[in-house]
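Everything on this sheet refers to the single structure shown next.
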Amino acid sequence: MRVPMAIITIALSATAFAPDVTAKSSKAGWPAAKAGKGEKVCRYRFPTGEKRAWVCRKEQPCCAWDAINYVKCGSTITGCL
Numbered sequence: 051m052r053v054p055m056a057i058i059t060i061a062l063s064a065t066a067f068a069p070d071v072t073a074k075s076s077k078a079g080w081p082a083a084k085a086g087k088g089e090k091v092c093r094y095r096f097p098t099g100e101k102r103a104w105v106c107r108k109e110q111p112c113c114a115w116d117a118i119n120y121v122k123c124g125s126t127i128t129g130c131l
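So the numbering used here is basically just the index in the sequence shown, starting at one, shifted up by 50.
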């Protein structure tokens with residue numbers, strides 16, 4: 051029983067000292083998203099205060115659903131269905 055407890059202790063201590071890998075952005079508080087050629091950055095703030103940023107093609111609409119905290123790129127034909 052000591053071996054599994056030691057493994058758990060090592061795993062927990064390793065995560066405690068892991069570096070912070072969250073993306074920083076020039077806009078205050080928004081996650082980083084960089085658009086390439088022919089793309090655009092979509093940004094949305096949910097009613098809970100959570101901010102999301104994602105990349106879509108320029109011709110696609112930016113879609114967000116508050117009820118399920120979900121974002122995606124829509125279709126040029128159906129929009130945000």
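Ideal Cβ positions, reconstructed from N, Cα and C, are used throughout, including at glycine.
At a Cβ-Cβ threshold of 8 Å, Asn119 and Glu100 count as neighbours.
By DSSP's assignment, Lys101 forms a beta bridge with Arg95. Taking C-beta separations shorter than 8 Å and ignoring five residues to either side along the sequence, the partners of Lys84 in its chain run Val91 and Val105, following chain order. Within 10 angstroms of the beta-carbon of Cys112 lie 16 or more other beta-carbons, which makes it buried. Under DSSP, Ala85 takes part in no beta bridge, so it has no partner. Under DSSP, Trp115 takes part in a beta bridge, and its partners are Tyr120. The beta carbon of Gly129 is closer than 7 Å to those of Pro111 in its chain, skipping five residues each way along the sequence.
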